[in-house]
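K.L.:
First the structure, then my questions, so here it is.
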Amino acid sequence: MGQNGALGASSGAVVLGIDSSTQSTKVLAVDVETGAVLASGQARHTVSTGAGRETDPEVWWTALQDALSQTGEFAARAEAVSVGGQQHGLVVLDAQGAPVRPAMLWNDVRSAPQAAALVEKYGAEHWAQRFGSVPGASFTVTKWAWLAEHEPAAAAAAKAVRLPHDFLTERLSGAGVTDRGDASGTGWWRSDTESYDEGLLDSLGLPVGLLPKVLGPGETAGVVRDGLPLRAGALVAPGTGDNAAAALGLGLTPGRAALSLGTSGTVYAVSRQRPTDPSGVVAGFASADGGWLPLACTLNCTLAVDKVAALLGREREDVEPGGSVAFLPFLDGERTPNLPYASGLLSGLRHDTTAGQVLQGAYDGAVYALLGALEEVLAVDGGAPSDEPLLVIGGGSRGTAWLETVRRLSGRAVQVPEAGELVALGAAVQAAAALTGEAPAAIAARWNTTAGRVHEALPLDEGARARLAAAMPLAAAQR
-7 MGQNGALGAS
3 SGAVVLGIDS
13 STQSTKVLAV
23 DVETGAVLAS
33 GQARHTVSTG
43 AGRETDPEVW
53 WTALQDALSQ
63 TGEFAARAEA
73 VSVGGQQHGL
83 VVLDAQGAPV
93 RPAMLWNDVR
103 SAPQAAALVE
113 KYGAEHWAQR
123 FGSVPGASFT
133 VTKWAWLAEH
143 EPAAAAAAKA
153 VRLPHDFLTE
163 RLSGAGVTDR
173 GDASGTGWWR
183 SDTESYDEGL
193 LDSLGLPVGL
203 LPKVLGPGET
213 AGVVRDGLPL
223 RAGALVAPGT
233 GDNAAAALGL
243 GLTPGRAALS
253 LGTSGTVYAV
263 SRQRPTDPSG
273 VVAGFASADG
283 GWLPLACTLN
293 CTLAVDKVAA
303 LLGREREDVE
313 PGGSVAFLPF
323 LDGERTPNLP
333 YASGLLSGLR
343 HDTTAGQVLQ
353 GAYDGAVYAL
363 LGALEEVLAV
373 DGGAPSDEPL
383 LVIGGGSRGT
393 AWLETVRRLS
403 GRAVQVPEAG
413 ELVALGAAVQ
423 AAAALTGEAP
433 AAIAARWNTT
443 AGRVHEALPL
453 DEGARARLAA
463 AMPLAAAQR
């Protein structure tokens, strides 16, 4: 059942799911019928430090081959493969398909001035209505604008422009393609018409012919080329971005959201309606199965709380209940709510306040902001959440204090899937769908990918929520 199955042999069909993330490449070999993980591999990436965040795309290709080799016989047996990759990155290739320069990654924020200029030029409402999202520095369109301004020779040398997952899909199949899920994070793919905006591209000096063909969820990129460390002729699915892949892996249906507790916090759900949020809080991504994937994120999550724990000299689980603290741990500013100039704000201290209560306050503030983002995401489809438990994923989902805080501030039951590599598992779901013709949600249900412990709801902590709501205007006043 999903990743509950032990590593082992399989006589049935096998697919490969790939997660090419910022830091590493992971590969899962999965049994098509049961979803059992038969083998896995992983290889690290190198990322530059300093003003930019860059990686040579050849590093991804080498890491993929290394990770594939670790799956043993299954790489040679797999009948289909799919790549889930980090979103937004800018990959510029020459006529031979070699990188012109290192890829600019999603977390490279040098293009913030270009993002601001693009929003000012066209207006936030224009971006939201056409593209589903208001671009920030992570979006590919802003990175191309930065490149054209700062490295015009590299922009002029471009013969193909790709996203990270596109680069690997093309190396596997020889086809210059992408999918609507990842294309929706570029800032030049219109979600209202599901096509590239040629007028915008002309203004940016980017010929549309340099961009990959956008495949629909029922299409394939082609087949694996000869001479690679996996079965030649195996189907290559379109692939998608990491969040869209994780949504496939979870088999999300409208109204059921995933809340990810990582360095930053992320919430997303599939929706029937196309998102068009001019505030920029909700990114209106397309989903990999033909629908939509509204997504919102907060900047301050597990890393911020760990910093507070370190300042207090306590372990991250050393929280204590009670007290009157309201703590908004916006140590890096905040994205949701949109308070880029905010800093950490602590109020309600008294003589009997303990360090454990302060630490619990940091958890409360981080989760409160994330639940506010969740409300924005669910509002895309009218705000009615599923009756099923809230799915909680990411590194924080393994922490008792995080789970207790989510339950206490949401008043909802939560479920923590046992499956650990949801992006790679979602890519495997897509590969299996390409192979069998089944709907991805049906495959995820058969594989039981959300299997995991359900933690029952706790009474809603109205007092903590009220204190945090009262503190929010103080955070908004910071400049």
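Under this note's numbering, the sequence shown has 305 at position 313, and the numbering climbs by one with no breaks. Glycine included, C-beta positions come from ideal geometry on N, C-alpha and C. A quick note: this is a predicted structure, and the numbers were derived from the prediction, not measured.
(1) With respect to the beta strand (DSSP E) encompassing tryptophan 284, which residues constitute its N-terminal and C-terminal limits?
(2) Where does tryptophan 181 sit, in a helix, a strand or coil, going by DSSP?
(3) Which residue wins for smallest C-alpha separation from glutamate 448, given the options Glu430, Gly429, Arg400, Ala434?
(4) Looking at glycine 272 and the ligand FMN, is the gap between the Cβ and the nearest heavy atom below 7 angstroms?
(5) Run through DSSP, which three-state label would glycine -3 get?
(6) Output needed for leucine 291: all residues of its chain with C-beta closer than 7 angstroms, excluding positions within five of it in sequence on either side, in chain order.
(7) Going along the chain, which residues of its own chain have a beta-carbon closer than 6 angstroms to the beta-carbon of alanine -2, five neighbours each way excluded?
(8) Quick check: the Cα distance between alanine 263 and alanine 145, rounded to an integer number of angstroms?
(9) Where does lysine 18 fall in DSSP's three states?
(10) Quick test of your reading: proline 91 and proline 49, contact by CB under 8 angstroms. State the CB separation rounded to the nearest angstrom.
(11) Quick one, which of Gly336, Val200, Glu367, Gly124 has its alpha-carbon nearest threonine 185's?
(12) Could you check what DSSP says for leucine 253 in three-state terms: helix, strand or coil?
(13) Are the beta-carbon atoms belonging to glycine 387 and leucine 253 less than 8 angstroms from one another?
(14) Taking the alpha-carbon positions, what's the tyrosine 260 to leucine 341 distance?
(15) With distances taken Cα to Cα, identify the nearest neighbour of leucine 196 among Val311, Gly374, Val446, Ala109.
(16) When we look at the beta-carbon of glutamine -5 and count the other beta-carbons within 10 Å, is it buried (16 or more) or exposed?
(17) If you run the structure through DSSP and keep just helix, strand and coil, what is proline 156?
(18) State the DSSP-derived secondary structure class of leucine 220, mapped to helix, strand or coil.
(19) Within the same chain, show all residues whose beta-carbon is closer than 7 angstroms to that of alanine 467, passing over the 5 residues directly before and after it, in chain order.
(20) So glycine 243 and alanine 436 are supposed to be a Cβ contact under 8 angstroms. How far apart are they, rounded?
(21) Please determine, among Asp379, Ile10, Val24, Ser16, the residue with the shortest C-alpha to C-alpha distance to glycine 4.
(22) Using C-beta distances below 6 angstroms, list every residue in its chain close to methionine -7, excluding the 5 sequence neighbours before and after it, in chain order.
(23) My output table needs one value for phenylalanine 322: the three-state DSSP class, helix, strand or coil.
(24) Among all the DSSP beta bridges, which residues are the ones paired with tyrosine 260?
(25) Would you please state the rounded distance, in angstroms, between the beta carbons of serine 339 and alanine 463? I believe it to be under 8 angstroms.
(26) I'd like the span of the alpha helix (DSSP H) that includes threonine 54, first residue to last.
(27) Which residues in the same chain as glycine 166 place their Cβ atom closer than 6 angstroms to its Cβ, once the five residues preceding and following it in sequence are excluded?
(28) In chain order, what residues of the same chain lie with their CB nearer than 8 angstroms to the CB of aspartate 174, ignoring the 5 residues before and after it?
(29) DSSP three-state call for arginine 266: helix, strand or coil?
(30) Using the Cα positions of valine 408 and alanine 354, report the straight-line distance between them to the nearest angstrom.
(31) Have a look at leucine 383 and serine 402 and give me their C-alpha separation to the nearest angstrom.
(32) Going by beta-carbon coordinates alone, are valine 83 and isoleucine 10 separated by less than 8 angstroms?
(33) Quick check: the region 272 to 284 against the region 365 to 374, are there 3 or more CB pairs under 8 angstroms?
(34) Give me the residue from Gly315, His118, Arg163, His142 with the minimum Cα distance to serine 475.
P.N.:
On the basis of the coordinates in this document:
(1) As a working mapping, residue 284 is identified with position 292 in the sequence shown. Here the beta strand (DSSP E) through tryptophan 284 covers 284 to 290.
(2) As a working note, residue 181 is residue 189 in the sequence shown. It is a strand residue.
(3) As a first step, residue 448 is located in the sequence shown; it is residue number 456 there, counting from the start. Nearest of Glu430, Gly429, Arg400, Ala434 to glutamate 448, Cα basis: Arg400.
(4) In terms of ligand content, the structure shown is empty, and the ligand FMN therefore cannot be addressed.
(5) Stepping through the sequence shown from its first residue, residue -3 is reached at position 5. Bear in mind that a pLDDT of 39 at glycine -3, under 50, signals an unreliable position, so the model cannot answer this.
(6) Your numbering for residue 291 matches position 299 in the sequence shown. Counting only Cβ-Cβ distances below 7 angstroms, and skipping sequence neighbours, we find Ser256, Asp324, Gly325, Glu326, Arg327.
(7) Residue mapping note: residue -2 aligns to position 6 of the sequence shown, counting from 1. For alanine -2, the predicted structure reports a pLDDT of 41, less than 50, and the residue's modelled location is therefore unreliable. A value from the coordinates is still provided. So no residue of the chain qualifies.
(8) For the purposes of this step, residue 263 is taken as the residue at position 271 of the sequence shown. For the purposes of this step, residue 145 is taken as the residue at position 153 of the sequence shown. Here the sequence assigns serine to residue 263, which means alanine is not the residue at that position. Serine 263 and alanine 145: Cα-Cα distance of roughly 42 angstroms.
(9) As a first step, residue 18 must be located in the sequence shown, where it is residue number 26. In the structure shown, lysine 18 sits in a strand (DSSP, three-state: E or B).
(10) Working through the sequence shown from its first residue, we reach residue 91 at position 99. Working through the sequence shown from its first residue, we reach residue 49 at position 57. Between proline 49 and proline 91 the Cβ distance is about 5 angstroms, and since that is below 8 angstroms, they are a contact.
(11) Mapped onto the sequence shown, residue 185 falls at position 193. Ranking Gly336, Val200, Glu367, Gly124 by Cα distance to threonine 185 puts Gly124 first.
(12) Position 261 of the sequence shown, counted from the first residue, corresponds to residue 253. Strand, per DSSP.
(13) Numbered from 1 along the sequence shown, position 395 holds the residue referred to as residue 387. Numbered from 1 along the sequence shown, position 261 holds the residue referred to as residue 253. The answer is yes: Cβ separation under 8 angstroms.
(14) As a first step, residue 260 must be located in the sequence shown, where it is residue number 268. As a first step, residue 341 must be located in the sequence shown, where it is residue number 349. Those two C-alpha atoms are separated by around 34 angstroms.
(15) As a working note, residue 196 is residue 204 in the sequence shown. Comparing Cα positions, the closest option is Ala109.
(16) Working through the sequence shown from its first residue, we reach residue -5 at position 3. Confidence at glutamine -5 is low in this model, with a pLDDT of 43, below 50, so the placement of that residue is unreliable and no value is reported for it.
(17) Your numbering for residue 156 matches position 164 in the sequence shown. DSSP places proline 156 in helix when its eight states are reduced to three.
(18) For the purposes of this step, residue 220 is taken as the residue at position 228 of the sequence shown. Correct three-state label for leucine 220: coil.
(19) As a working note, residue 467 is residue 475 in the sequence shown. Contacts found: Leu320, Phe322, Leu331, Ala334, Leu337.
(20) To locate residue 243, count along the sequence shown from 1; it is residue 251. To locate residue 436, count along the sequence shown from 1; it is residue 444. Between alanine 436 and glycine 243 the Cβ distance is about 3 angstroms, and since that is below 8 angstroms, they are a contact.
(21) The residue labelled residue 4 in the question sits at position 12 within the sequence shown. When only C-alpha atoms are compared, the closest one is Val24.
(22) Taking the sequence shown and counting its residues from 1, one reaches residue -7 at position 1. With a pLDDT of only 39 at methionine -7, under the threshold of 50, the placement of this residue in the model should not be trusted; the figure read from the coordinates follows. If we look at methionine -7 and ignore the five residues flanking it on each side, its Cβ neighbours are Asn440, Ala443.
(23) If you number the sequence shown from 1, residue 322 lands on position 330. It is coil, neither helix nor strand.
(24) Taking the first residue of the sequence shown as position 1, residue 260 is located at position 268. Looking at the DSSP assignment, tyrosine 260 forms a beta bridge with Ala250, Leu287.
(25) As a first step, residue 339 is located in the sequence shown; it is residue number 347 there, counting from the start. As a first step, residue 463 is located in the sequence shown; it is residue number 471 there, counting from the start. The Cβ separation is near 6 angstroms, so the contact holds.
(26) Residue mapping note: residue 54 aligns to position 62 of the sequence shown, counting from 1. Segment 49 to 61, the alpha helix (DSSP H) holding threonine 54.
(27) Translated into the one-based positions of the sequence shown, residue 166 becomes position 174. Closer than 6 angstroms at Cβ, skipping near neighbours: Arg217.
(28) Within the sequence shown, numbered from 1, the residue matching residue 174 stands at position 182. Gly77, Gln79, Leu155, His157, Asp158, Gly231, Thr232, Gly233, Ala236.
(29) In the sequence shown, the residue the question calls residue 266 occupies position 274. It is coil, neither helix nor strand.
(30) By 1-based counting over the sequence shown, the position of residue 408 is 416. By 1-based counting over the sequence shown, the position of residue 354 is 362. Straight-line Cα distance between these residues: approximately 22 angstroms.
(31) Within the sequence shown, the letter at position 391 stands for residue 383. Within the sequence shown, the letter at position 410 stands for residue 402. Their Cα atoms are separated by approximately 12 angstroms.
(32) Taking the first residue of the sequence shown as 1, we reach residue 83 at position 91. Taking the first residue of the sequence shown as 1, we reach residue 10 at position 18. Cβ atoms of valine 83 and isoleucine 10: not closer than 8 angstroms.
(33) yes
(34) Nothing can be reported for residue 475, as the shown portion of the chain is limited to -7 through 471.
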